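Participant: Supplied in structure tokens, the structure appears directly below.
There are 2 protein chains.
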Amino acid sequence: MPDAPRSLYVIPADPAATPYLRLIYAAWSDGELTDDEIRSVQTHIASAKGLSDAARTDLQSWLQPNRPPSIESLQTLLKPMSGDLASVTEPRPTVEPPVSTASASFSVAALQEVTAGKRAATRRRVFEILSGPGFERHWERSKEAHREQVLEQLKVLAADGIGSLSYPEEYGGSDDMGRFAVAFETTAFYDISLTIKFGVQFGLFGGTIHALGTKRHHDRYLRQAGTVELTGCFAMTELGHGSNVADIETTATYDPASGEFEIDTPSDSAQKNYIGNAAVHGRLAVVFAQLVVGGEVQGVHALLVPIRDEAGATMPGVRIEDCGQKLGLNGVDNGRIWFDHVRVPRENLFNRYADVSPEGEYVSPIESPSKRFFTTIGALVAGRVSVALGALSAMKSGLAIAVRYGDRRRQFGASGAPETRLLDYRTHQRKLLPRLASAYALDFALKHLVDRFVNRNEEEQREIETLAAGLKAYATWANIESLQVCREACGGQGYLSENRFDDLKADTDIFCTFEGDNTVLMQLVVKSLLSDYRRQFEDARPFTLLKYVAARAADAVREPHPLAARNTDADHLRDAEFHLDAFRYREQRLLGSLARRLKHRLDQGMDSFYALVDVQDHVLAAANAHAERIVMEQFVAGVAGCVDPAVQTALGKLSALFALSRIEVDRGWFLEAGYVSTAKSHAIREQVNVLCAEIRPDAVGLADGFGIPDRLLGAPIAMP
Amino acid sequence: MPDAPRSLYVIPADPAATPYLRLIYAAWSDGELTDDEIRSVQTHIASAKGLSDAARTDLQSWLQPNRPPSIESLQTLLKPMSGDLASVTEPRPTVEPPVSTASASFSVAALQEVTAGKRAATRRRVFEILSGPGFERHWERSKEAHREQVLEQLKVLAADGIGSLSYPEEYGGSDDMGRFAVAFETTAFYDISLTIKFGVQFGLFGGTIHALGTKRHHDRYLRQAGTVELTGCFAMTELGHGSNVADIETTATYDPASGEFEIDTPSDSAQKNYIGNAAVHGRLAVVFAQLVVGGEVQGVHALLVPIRDEAGATMPGVRIEDCGQKLGLNGVDNGRIWFDHVRVPRENLFNRYADVSPEGEYVSPIESPSKRFFTTIGALVAGRVSVALGALSAMKSGLAIAVRYGDRRRQFGASGAPETRLLDYRTHQRKLLPRLASAYALDFALKHLVDRFVNRNEEEQREIETLAAGLKAYATWANIESLQVCREACGGQGYLSENRFDDLKADTDIFCTFEGDNTVLMQLVVKSLLSDYRRQFEDARPFTLLKYVAARAADAVREPHPLAARNTDADHLRDAEFHLDAFRYREQRLLGSLARRLKHRLDQGMDSFYALVDVQDHVLAAANAHAERIVMEQFVAGVAGCVDPAVQTALGKLSALFALSRIEVDRGWFLEAGYVSTAKSHAIREQVNVLCAEIRPDAVGLADGFGIPDRLLGAPIAMP
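Residue numbers (this note's numbering), protein chains in the order written: chain G, 262 to 981; chain X, 262 to 981.
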């Protein structure tokens, strides 16, 4: 059958015709069309808007059922499209990607100053050490070799005074908890096993000697803890009791005859479990036990128990097992410890907040047993601050790698054009950029936490504990989620150990468990918020709850403003005032309704424990809303405080992206509450897309803004 | 100051007073109350409902600002509460947990029959082999040792005929793809490195010889592939092109003078990357390359290239590097391959769908180059089915471990009572039970997929490819998310390698990347759905999209029924008809609006590639809705098909939990669409809680229903 005459007179001049030209080409080039298919295209073209009549006639000439165009004839169709429909079998040119697509809209150095913060010198010094000899990267090694490397590296840091930064000057320290926190978070850019060993030795072990001990303990142990001459453990967790520390079973029984305490593991569930430094290196342990004096149980107290002698042999009565291979952190030697009636001198009891006289009289300046308990386990608060910081370092590393890779890696693309960079895909932007925004939000929030923690007075203690618990849970979950997305965004490359997601993910996975299980911490946060009775500690006593209700039940939560709920203006959607109001409103309303629901249950005579379990999903939502409100506030405050206008503008967009992307995630709640209308919810989704596109050219600059040295970032796929 | 008189006359008889008694005890026992605090409690008690006047008087007697009760006096308060406020310092009794709290409401054996499916004998045989000698579990080993173990284990399976199950009988097989799939998924209960090596050797390597080769290839290689006498690779992916296979750069150029093909790696980005079996074991590779005949590029074709001789030495012109340590799957020897003008005989080209004559004439029975391309890479479809199955096996293992542990592990609790089992906490139920429901949903959906795949005819090919792509992405993401939650739910125990989350998480992390990146696959799904033009393959040609629009744009998506949107009856919420309607409605509406948005962009002259990028978030939402609708339908159909009434009832509840928990996750969408009212959204959340509580006593039975032998489950925390 002869080829039918075709016309392309008008088409090259009518851009509206191009898609239909493609349509026809694509349809025929894959084989013959059925009559139905041709009719469908004909109908479509007949009703297409914006097409000139001449173009329409031209196009219809290609749709004659009995006269399919020949291959040669089809080729002519390609001409007006200037080669934009290359055959699938022709490989596209491979373009060598530049390191970065565009210079950022701001000075990356100026942004790096913001992230370095006011303790930049400490950070720089730790970076120098981590870039020096003895800190090479290894991907394959036995846990035994890894543990020894980490110990050696710990000693290098200690030799520089980094380990004792938080201790008093008389013990070789700088009395500076803030710098200690910065050192901790900075090590997490190298190897998180080192970070955790650092935390165990200098923070949990040395820090507890400092916090709970008195001069006799400080004089004897503190300097050596800071230099790693004396290696130690923090033996709190037991197999049977992890979260519920108050119910640990190990006992420390005072014997006035000998003036000694006898430490004992009464059952197998009482074994000290998961104790860092225990399997190999630790010589002295801070042991938490139920103190028994004169037959009375006085609750959990801490005392020092030698577990190995100087030669490394286990002490008599002490049994230690290695926890073995773990999902991550295999450079930390976790172990299990059993005590069989081990005796230590009376002076080994930390006696800052409680003491036992030689005769066996128990005394404490703190009357409330619950307050005494929470003071005793107070070291966990510093631990929570540290863990949040370490999680953020890992999150930043993952994002820096994924953003750099996404900026250069190309795959697929428009016909005839070079393949498209991954970060130019909307889905890829939506994977990485909101999380980049979260990392900056957390950077401001955790700097705020460190400052509050370092400068705390006794009155603020409780509030800061709540802050630390909430931000620890929020940051560690954000990190786990972000690393997963970043790994996936790097495809198969992200799965090679050398590209670092292996260790980053594995090592930080436990961050949502240790130093307080996140789900438990989030409940503590809410219990604390439901109380303004500051002397009360973390328990669920109904008094706390009811007082809150008594004070607030009458304050009806304000109804959302109907006009604001429908406002879809871009200016409004990007306005920090809107963001702050949204996060505050959600927190207030979730807490208010939670209090009412709890009160209802208690009024009906439900046990307070079961009442809380019954609304536990609500509790977690409220805790998350609380933590996220604080993060949002700190991001807005941080942006407001920027001195560099270009940095301020860039971070301001990120702050809006953080706000809107988090509202989008929880839009179910905001819609239910009537806080946003359906139209506004749609507009928020659209604005997230717009912000992603606007931020995209700055993405590499923002990732570089974290200031992670290339040598530490390490991943070959992220190297210039 | 003398203790004031206190009365407790009425209280023991008035249960409504108990919470207030607790309140007063807790308030005073922590120290003195301020006047304000006392007033607040007084006001509260004065206005409390349900309290008798006498009880109110009793209670007020304890709230005299100037007369705090003495410690002794406070003790008397405890009596009416029968010891339910034990001091925080008294350890609670440790209760040895039984294996299971209660027998399930159904026969676990009957449920196990359902999950074993109709190919139970194969599953049983593979379980037997995996429980035999040579299949011990190891937590610490070098990747070198692990690789050798896996190869030996592969040979044990092959010796039993497991490797060649899908091959024709004349080559030692059983011609049974379904049994092959079951064998694959069953190995994933032991070591997923073995599973992947199994897939590479028997599926990708042997399967491609079977699918693309002809008798000459089958005769020479197929039997040996099935016995592992001949080890092979599937060399498709290149460093520069993973997802975009059509643009790989390796060339196979025909030389008529010698009758040979010359295989060449023209650039470094053309290196074959991540090739399983390449680093150590593979001798022969199925290589995908651009076929060049007479100077013309004919697109991607596959041919056999020897890469090592029988002694294991690399062949001339071939360079191989080890990919090194990976995040997981270190028992698989992935490598990179470069070819330097390597020559192979013309007969090494797989010639089922295309051939080159000795003289250099290219012939193919498939006219469309794009159809030829998708036939050539068709092995990936079987791969996707398999990967989805493997992901579900991992998900089941993780859930079985976490559910058993959550059933016995106790932490915290009501005062004076034994500590509470984790699975009795609402948050814990909400972590594990909806995911348990998802695993059962996927079990039915993937059995359906396997059956469709095994029994496919050519007409259904396209539909089944779409089904496999959607379910692969859905199942692998569900597994990653579920394993993370299960690991966290097991706390520190979940972090020990012996408890299996280490390998389970690490090995399956790449499942969302290989055999098609999930994000890419989900886009293929939608592109395919937007077309009913079956001969068209996976590309974004506008024709496909516009035809859909032409056919459907006029069908306005029905508006949600206003009465149904407000129906909060439990019967309605649990009704499978409601569930099916919700999932179908969402899919239909998302696809309809997507088509309209795409049409709008194309009408404005936007390039089809960029038009898709511009609505990419919508595309992913539609793809997810599609996959989830299929999963929901198969779960409902599976429950309807249950012959055991008790099993049917239990799975029916799980099906409702799956439906409602997924709707809850996406309630933002359902609210925006007007498909559910705010009240209904609340009712759904509540019903999820109710279902979790109802299912909880069956949880261990449901986890055991997966039928994983204890020896394979392995985790000490999950052992009886």
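For each residue, glycine too, the CB sits at the ideal point set by N, CA and C. Please read these numbers as outputs of a predicted model, since none were measured by experiment.
If distances are taken between C-alpha atoms only, which option among G/S528, G/E582, G/V593, G/S625 comes closest to G/T492?
Facilitator: Residue mapping note: residue 492 of chain G aligns to position 231 of the first sequence, counting from 1. Residue G/V593 is the option with its Cα nearest to G/T492.
Participant: What's the gap between the Cα of G/W930 and the Cα of X/A444?
Facilitator: If you number the first sequence from 1, residue 930 of chain G lands on position 669. If you number the second sequence from 1, residue 444 of chain X lands on position 183. Roughly 45 Å between the two C-alpha positions.
Participant: So, is X/H602 buried or exposed, given that buried needs 16 or more other C-beta atoms within 10 angstroms?
Facilitator: Taking the second sequence and counting its residues from 1, the one referred to as residue 602 of chain X is at position 341. With fewer than 16 other Cβ atoms within 10 Å, it is exposed.
Participant: Where DSSP assigns a beta bridge to G/R671, which residues make up the other side?
Facilitator: As a working mapping, residue 671 of chain G is identified with position 410 in the first sequence. Note: G/R671 sits in a beta bridge opposite G/R682.
Participant: Quick one: residues in its chain with C-beta nearer than 8 Å to the C-beta of X/G731, no 5 flanking neighbours on either side, listed in chain order?
Facilitator: Along the second sequence, one-based indexing puts residue 731 of chain X at 470. Once the five neighbours on either side are set aside, the close Cβ partners of X/G731 are L782, M783, V786, A884, H887, A888, I891.
Participant: Three-state secondary structure (DSSP) at G/R402?
Facilitator: Counting from one through the first sequence, the residue named residue 402 of chain G turns up at place 141. DSSP places G/R402 in coil when its eight states are reduced to three.
Participant: Within 10 angstroms of its Cβ, does X/K476 collect 16 or more other Cβ (buried), or is it exposed?
Facilitator: Locating residue 476 of chain X in the second sequence gives position 215, counting from the first residue. Exposed, since its Cβ has fewer than 16 Cβ neighbours within 10 Å.
Participant: Any beta-carbon of chain G closer than 8 Å to the one on X/Q877?
Facilitator: Counting from 1 along the second sequence, the entry for residue 877 of chain X is found at position 616. With 8 Å as the cut-off, X/Q877 counts as an interface residue toward chain G.
Participant: With distances taken from CA atoms, which of X/T575, X/A652, X/G585, X/R597 is nearest X/S530?
Facilitator: For the purposes of this step, residue 530 of chain X is identified with residue 269 of the second sequence, where counting begins at 1. Residue X/R597 is the option with its Cα nearest to X/S530.
Participant: What residue range does the beta strand (DSSP E) around X/C494 cover?
Facilitator: Residue 494 of chain X sits at position 233 when you count from the first residue of the second sequence. Element bounds for X/C494: 493–496.
Participant: My parser needs the alpha helix (DSSP H) runs of 4 or more residues fully inside the region 717–782 of chain G; what are they?
Facilitator: Taking only runs of at least 4 residues, the alpha helix (DSSP H) segments lying wholly in the region 717–782 of chain G are 722–750, 762–769.
Participant: List the residues of chain X that G/Q586 touches, going by C-beta distances under 7 Å, in chain order.
Facilitator: To locate residue 586 of chain G, count along the first sequence from 1; it is residue 325. The contacting residues are W400, E401, S758.
Participant: Classify G/V349: buried if its beta carbon has 16 or more other beta carbons within 10 angstroms, exposed otherwise.
Facilitator: Within the first sequence, numbered from 1, the residue matching residue 349 of chain G stands at position 88. Reliability fails at G/V349, whose pLDDT of 29 lies under 50, so the model's placement of it is uncertain and no value is given.
Participant: Enumerate in chain order the residues of its own chain whose CB-to-CB distance from X/V546 is below 6 Å, with the five nearest sequence positions on each side excluded.
Facilitator: Here residue 546 of chain X corresponds to residue number 285 of the second sequence, with the count starting at 1. At residue 546 of chain X the sequence reads Ala, which differs from the Val that was named. Same-chain partners within the cutoff: C494, A496, V566, I568.
Participant: In three-state DSSP terms, what is G/E499?
Facilitator: Counted from its first residue, the first sequence places residue 499 of chain G at position 238. In the structure shown, G/E499 sits in a strand (DSSP, three-state: E or B).
Participant: Just checking my contact of G/A896 with G/F634 at CB under 8 Å: how many whole Å lie between their CB atoms?
Facilitator: Taking the first residue of the first sequence as position 1, residue 896 of chain G is located at position 635. Taking the first residue of the first sequence as position 1, residue 634 of chain G is located at position 373. The question names Ala, but residue 896 of chain G in the sequence shown is Phe. Actually they do not touch by this definition, with Cβ atoms about 35 Å apart.
Participant: Tell me X/T575's beta-bridge partners as DSSP assigns them.
Facilitator: Looking up residue 575 of chain X in the second sequence gives position 314. Beta-bridge pairing links X/T575 to X/R569.
Participant: In whole angstroms, what is the alpha-carbon distance linking X/Q672 and G/A419?
Facilitator: In the second sequence, the residue the question calls residue 672 of chain X occupies position 411. In the first sequence, the residue the question calls residue 419 of chain G occupies position 158. If you take the alpha carbons of X/Q672 and G/A419, they lie about 38 Å apart.
Participant: Of all Cβ atoms in chain X, is any one closer than 8 Å to the Cβ of G/S625?
Facilitator: Numbered from 1 along the first sequence, position 364 holds the residue referred to as residue 625 of chain G. Judged by the 8 Å Cβ criterion, G/S625 is not in contact with chain X.
Participant: Taking three-plus beta-carbon pairs below 8 Å as touching, is the region 741–748 of chain G in contact with the region 681–697 of chain G?
Facilitator: Yes, since at least three Cβ pairs between the region 741–748 of chain G and the region 681–697 of chain G fall closer than 8 Å, the two stretches touch.
Participant: Measure the Cβ-Cβ separation of G/L963 and G/L697 and say whether it is below 8 Å.
Facilitator: Reading the first sequence from its first residue, position 702 is the one you call residue 963 of chain G. Reading the first sequence from its first residue, position 436 is the one you call residue 697 of chain G. Result yes, Cβ atoms of G/L963 and G/L697 sit closer than 8 Å.
Participant: Does the distance between the C-beta of G/L418 and the nearest non-hydrogen atom of the ligand HEM fall short of 7 Å?
Facilitator: Although the ligand HEM was asked about, the structure shown includes no ligands whatsoever.
Participant: Counting only beta-carbon atoms, is G/T769 nearer than 8 Å to chain X?
Facilitator: By one-based count along the first sequence, residue 769 of chain G stands at place 508. By this cut-off, G/T769 is not an interface position.
Participant: Taking a Cβ distance cut-off of 9 Å, strictly less, list which residues of the region 653–667 of chain X are near chain G, in chain order.
Facilitator: Answer in chain order: no residues at all.
Participant: How many angstroms separate the CA atom of G/A675 from the CA atom of G/V961?
Facilitator: Walking along the first sequence from the start, residue 675 of chain G turns up at place 414. Walking along the first sequence from the start, residue 961 of chain G turns up at place 700. Each residue's Cα considered, the two are about 23 Å apart.
Participant: What three-state label does DSSP hand X/P263 in the structure shown?
Facilitator: If you number the second sequence from 1, residue 263 of chain X lands on position 2. Model confidence at X/P263 stands at a pLDDT of 40, short of 50, so the residue's coordinates are unreliable; what they give is reported in the following sentence. Of the three classes helix, strand and coil, the one that applies to X/P263 here is coil, per DSSP.
Participant: Considering only C-alpha positions, which residue in the set G/G433, G/I457, G/A540 is nearest to G/G487?
Facilitator: Residue mapping note: residue 487 of chain G aligns to position 226 of the first sequence, counting from 1. Checking every option, the nearest Cα to that of G/G487 belongs to G/G433.
Participant: Nearest chain G C-beta to X/I741 closer than 8 Å, yes or no?
Facilitator: In the second sequence, residue 741 of chain X corresponds to position 480, counting from 1. By this cut-off, X/I741 is an interface position.
Participant: Tell me, please, whether the CB atom of X/R795 is closer than 8 Å to any CB atom in chain G?
Facilitator: Against the second sequence, residue 795 of chain X aligns to sequence position 534. Because X/R795 carries a pLDDT of 31, less than 50, the predicted location of this residue cannot be relied on, and no value is offered for it.
Participant: Tell me the residue span of the beta strand (DSSP E) that contains X/Y535.
Facilitator: If you number the second sequence from 1, residue 535 of chain X lands on position 274. Its beta strand (DSSP E) spans residues 533–536.
Participant: Measure the CB-CB distance between G/S922 and G/V949 and report whether it falls below 8 Å.
Facilitator: Your numbering for residue 922 of chain G matches position 661 in the first sequence. Your numbering for residue 949 of chain G matches position 688 in the first sequence. Cβ distance < 8 Å, so G/S922 and G/V949 count as in contact.
Participant: Less than 8 Å between the C-beta atoms of G/R682 and G/R665, yes or no?
Facilitator: For the purposes of this step, residue 682 of chain G is identified with residue 421 of the first sequence, where counting begins at 1. For the purposes of this step, residue 665 of chain G is identified with residue 404 of the first sequence, where counting begins at 1. Result no, Cβ atoms of G/R682 and G/R665 do not sit closer than 8 Å.
Participant: Nearest-angstrom Cα distance between X/S631 and G/G755?
Facilitator: Within the second sequence, numbered from 1, the residue matching residue 631 of chain X stands at position 370. Within the first sequence, numbered from 1, the residue matching residue 755 of chain G stands at position 494. The straight-line gap from Cα to Cα measures roughly 30 Å.
Participant: Excluding sequence positions up to five away, which residues of its chain have a Cβ less than 6 Å from the Cβ of G/H305?
Facilitator: By 1-based counting over the first sequence, the position of residue 305 of chain G is 44. Here the set comprises nothing.
Participant: Can you name the residues that DSSP bridges to X/L552?
Facilitator: If you number the second sequence from 1, residue 552 of chain X lands on position 291. In the DSSP output, where bridge partners are listed per residue, X/L552 has X/A513.
Participant: Are there 16 or more other CB atoms within 10 angstroms of the CB of G/N609, so buried, or fewer, so exposed?
Facilitator: By 1-based counting over the first sequence, the position of residue 609 of chain G is 348. That one is buried.
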